[in-house]
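A.B. asks:
Protein chains in written order, with my numbering: chain A, 19 to 503; chain B, 17 to 122.
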């Protein structure tokens with residue numbers, strides 16, 4: 019039977035998949051259509067993968083490589099590899115994605131990003147093994163794409179693993195910035211080695227050892243690039259690495275001459291780059307600033323600030339409960355501390371109790387509250403807090419003037435009024451106008467500083483009462499105290 | 017088509033796809049950034065298609081090993097990525113019940 023009609027059909031199926039990716043991303047613009055958009059994108063992926071399987075089953079000669087090796091007939095071992103790989107990877111992905119706690123979700127996304135980058139790099143490695151085995155030099159386009167794929171894919175593989183480890187708080191990858199000995203010098207040396215080695219291959223040499231050097235250098239570079247960056251900047255780094263993976267996948271598309279890899283890879287590369295910039299903007303940081311590392315350097319600032327710091331007013335549990343219960347409007351300001359303590363269900367319980375007493379409760383969500391932009395929305399939504407109650411910063415800021423109590427739970431730098439003046443490490447960062455509220459209650463474990471390493475002027479404000487407790491425990495106690503009123 | 021023609025047509029696709037990527041993201045509100053990053057993360061799992069090609073083209077143990085890892089990695093990226101994104105987005109649904117405040121007053 020003549021099956022030559024199959025290739026164009028499969029090509030169209032790939033195109034259909036690519037269209038689904040683009041439309042899926044567009045539908046993820048709005049909370050109402052986002053889930054549908056993700057399913058559309060997943061459907062496109064299924065179509066592309068099934069079409070590929072049909073093509074490879076019926077016309078395996080399509081898998082012929084640029085090095086000139088073509089499979090002869092049905093490759094049984096190849097199919098076992100595919101089925102076993104899909105079963106293993108799919109099982110692991112499904113299990114981890116379904117069991118992960120929502121607070122641990124950013125590190126899982128980073129892990130998925132790492133394996134995606136790893137797969138892209140492996141495609142180029144496999145390709146190069148064939149060329150070096152045959153002793154032929156790949157054409158310039160394949161050659162360039164192969165090297166770029168290995169470099170970018172390997173950087174994103176180790177970089178994302180380190181980022182994931184930092185968010186998990188593993189001992190080998192502490193969340194605090196880790197200075198690589200020789201820092202800049204090492205980075206420059208690694209970059210120089212890569213450039214020289216790549217140039218050597220591109221001018222028409224074929225050498226497996228040189229390619230392995232490039233691979234090793236890129237793997238090391240991924241580590242040295244991510245280690246010096248603090249845990250709070252990890253969201254931006256993960257987003258950047260996500261963009262890198264997209265680019266690596268597009269390069270794999272050039273290596274294999276496959277259009278759907280090029281389209282999807284370039285789409286993610288570009289969208290990831292924009293998203294990275296948006297995230298960095300929300301923190302008033304530049305991407306370059308973050309990649310170079312350090313937030314204004316922690317050395318001099320810490321000791322000096324302590325002396326000038328005024329006294330704080332500690333608030334009793336019952337006082338806090340009375341303030342909340344007899345307020346007419348309360349704005350909850352959740353922060354990183356709430357995410358860490360997993361207090362999202364406790365906060366909902368308190369809010370429902372207050373609403374039952376006729377208190378108007380809203381949530382003020384800073385763009386970078388939690389660990390990633392939008393992360394806090396996800397956590398609060400997990401606790402079944404109605405989406406319309408979650409308000410974005412620009413939207414809620416004018417309402418602080420009219421609000422009776424602002425309840426700050428584990429948020430620090432994003433509420434610091436010092437950001438309005440120049441000369442502070444947080445200067446210029448958009449903040450929530452919590453200090454405009456008539457009363458402020460801050461639930462916090464200690465007077466410890468936030469990521470910026472400076473004291474929060476909000477805490478010494480005369481209208482502020484501090485309730486020193488773990489976010490979850492503090493909220494549970496507040497619920498009990500309000501019930502007892 | 018010559019090798020150069022193929023490259024030029026692939027490169028055209030590449031550039032246009034980059035432009036679509038820029039256009040798609042500039043409209044997304046901050047609230048959805050995390051799910052969106054995760055959603056984009058699943059899309060580059062398309063590398064699974066490439067991994068399947070190299071598995072079928074493989075003819076020696078090292079190539080089988082490399083393609084096995086690539087297929088497993090890519091599938092983990094695809095399946096895990098979509099499932100975790102769906103879990104995130106599932107939580108944005110509005111509650112079907114009437115607002116709590118009204119119930120309390122009634």
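For every residue, glycine included, the Cβ atom is placed at its ideal position computed from N, Cα and C.
On a CA-only basis, which of A:460, A:464, A:503 and A:64 is nearest residue 493 of chain A? Give me that one, please.
C.D. replies: Position 475 of the first chain holds residue 493 of chain A. For the residues A:460, A:464, A:503 and A:64, the minimum Cα distance to residue 493 of chain A belongs to A:460.
A.B. asks: Could you check the C-alpha separation between residue 40 of chain A and residue 32 of chain B for me, to the nearest Å?
C.D. replies: Taking the first chain and counting its residues from 1, one reaches residue 40 of chain A at position 22. Taking the second chain and counting its residues from 1, one reaches residue 32 of chain B at position 16. Residue 40 of chain A and residue 32 of chain B: Cα-Cα distance of roughly 12 Å.
A.B. asks: Using the beta-carbon count (16 or more within 10 Å), is residue 69 of chain B buried or exposed?
C.D. replies: Here residue 69 of chain B corresponds to residue number 53 of the second chain, with the count starting at 1. When all chains shown are included, residue 69 of chain B counts as buried.
A.B. asks: Kindly give me the distance between the Cβ atoms of residue 57 of chain B and residue 127 of chain A, rounded to whole angstroms, as I take these residues to be in contact under 8 Å.
C.D. replies: Within the second chain, the letter at position 41 stands for residue 57 of chain B. Within the first chain, the letter at position 109 stands for residue 127 of chain A. Indeed they touch by this definition, with Cβ atoms about 6 Å apart.
A.B. asks: Leaving out five residues before and five after residue 32 of chain A in sequence, what residues of the same chain have Cβ atoms less than 7 Å from its Cβ?
C.D. replies: Residue numbering aside, residue 32 of chain A sits at position 14 when the first chain is read from its first letter. The answer, listed in chain order, is 66, 69, 277 and 278.
A.B. asks: According to DSSP, simplified to helix, strand and coil, what is residue 352 of chain A?
C.D. replies: As a working note, residue 352 of chain A is residue 334 in the first chain. Residue 352 of chain A: strand per DSSP, three-state reduction.
A.B. asks: Ignoring anything shorter than 4 residues or poking outside the region 39-113 of chain B, list the alpha helix (DSSP H) runs there in chain order.
C.D. replies: Counting only runs of 4 or more, we get 49-59, 63-73 and 77-106.
A.B. asks: Could you work out which residues of chain A lie near residue 102 of chain B, taking near to mean beta carbons separated by less than 9 Å?
C.D. replies: Within the second chain, residue 102 of chain B is the residue found at index 86, counting from 1. Chain A residues near residue 102 of chain B: 53, 56, 57, 60 and 115.
A.B. asks: Let me make sure I understand the geometry here. Which of A:478, A:38 and A:434 has the alpha-carbon closest to that of residue 535 of chain A?
C.D. replies: Because chain A in this structure spans residues 19 to 503, residue 535 of chain A falls outside the shown range and cannot be described.
A.B. asks: What did DSSP end up calling residue 295 of chain A once you bin it into helix, strand or coil?
C.D. replies: Working through the first chain from its first residue, we reach residue 295 of chain A at position 277. It is helical.
A.B. asks: Using 7 Å as the limit for Cβ to Cβ distance, is residue 106 of chain A near chain B?
C.D. replies: As a working mapping, residue 106 of chain A is identified with position 88 in the first chain. With 7 Å as the cut-off, residue 106 of chain A counts as an interface residue toward chain B.
A.B. asks: Less than 7 Å between CB atoms is the rule here; does residue 28 of chain B satisfy it with respect to chain A?
C.D. replies: Counted from its first residue, the second chain places residue 28 of chain B at position 12. With 7 Å as the cut-off, residue 28 of chain B does not count as an interface residue toward chain A.
A.B. asks: Taking DSSP as the reference, what is the three-state secondary structure of residue 409 of chain A?
C.D. replies: Numbered from its first residue, the first chain carries residue 409 of chain A at position 391. In the structure shown, residue 409 of chain A sits in a strand (DSSP, three-state: E or B).
A.B. asks: So, using beta-carbon positions, are residue 65 of chain B and residue 140 of chain A closer together than 7 Å?
C.D. replies: Residue numbering aside, residue 65 of chain B sits at position 49 when the second chain is read from its first letter. Residue numbering aside, residue 140 of chain A sits at position 122 when the first chain is read from its first letter. The answer is no: Cβ separation not under 7 Å.
A.B. asks: Measure the Cβ-Cβ separation of residue 350 of chain A and residue 294 of chain A and say whether it is below 7 Å.
C.D. replies: Numbered from 1 along the first chain, position 332 holds the residue referred to as residue 350 of chain A. Numbered from 1 along the first chain, position 276 holds the residue referred to as residue 294 of chain A. Cβ atoms of residue 350 of chain A and residue 294 of chain A: not closer than 7 Å.
A.B. asks: Decide yes or no for the touch test of the region 140-149 of chain A against the region 223-231 of chain A: beta carbon pairs closer than 8 Å, at least 3 of them.
C.D. replies: Yes, the region 140-149 of chain A is in contact with the region 223-231 of chain A.
A.B. asks: Please report how far the alpha carbon of residue 180 of chain A lies from the alpha carbon of residue 368 of chain A, in whole angstroms.
C.D. replies: Locating residue 180 of chain A in the first chain gives position 162, where the first residue counts as 1. Locating residue 368 of chain A in the first chain gives position 350, where the first residue counts as 1. Computed Cα separation, rounded: 37 Å.
A.B. asks: For chain A, is any of its Cβ atoms less than 7 Å away from the one on residue 105 of chain B?
C.D. replies: Working through the second chain from its first residue, we reach residue 105 of chain B at position 89. For residue 105 of chain B, the answer is yes, since a Cβ of chain A falls inside 7 Å of its Cβ.
A.B. asks: Is the distance from the Cβ of residue 11 of chain A to the Cβ of residue 438 of chain A below 7 Å?
C.D. replies: Given a span of 19 to 503 for chain A in the structure shown, any question on residue 11 of chain A remains unanswerable.
A.B. asks: Please determine, among A:71, A:61, A:53 and A:78, the residue with the shortest C-alpha to C-alpha distance to residue 100 of chain B.
C.D. replies: Taking the first residue of the second chain as 1, we reach residue 100 of chain B at position 84. With distances taken between Cα atoms, residue 100 of chain B lies closest to A:53.
A.B. asks: Can you tell me whether residue 376 of chain A is helix, strand or coil according to DSSP?
C.D. replies: The residue you call residue 376 of chain A lines up with position 358 of the first chain. Coil.
A.B. asks: When the Cα of residue 164 of chain A is compared with those of A:430, A:272, A:500 and A:48, which residue comes out closest?
C.D. replies: Sequence index remark: in the first chain, residue 164 of chain A carries index 146 (1-based). Minimum Cα distance to residue 164 of chain A is reached at A:272.
A.B. asks: So, at 8 Å on beta carbons, what are the nonlocal neighbours of residue 373 of chain A in its own chain, with the 5 sequence-adjacent residues on each side left out?
C.D. replies: Counting from one through the first chain, the residue named residue 373 of chain A turns up at place 355. 379, listed in sequence order.
A.B. asks: Beta-carbon within less than 6 Å of residue 173 of chain A's beta-carbon, same chain only, minus the 5 sequence neighbours each way: which residues are those?
C.D. replies: Reading the first chain from its first residue, position 155 is the one you call residue 173 of chain A. Cβ within range, chain order: 236, 239 and 240.
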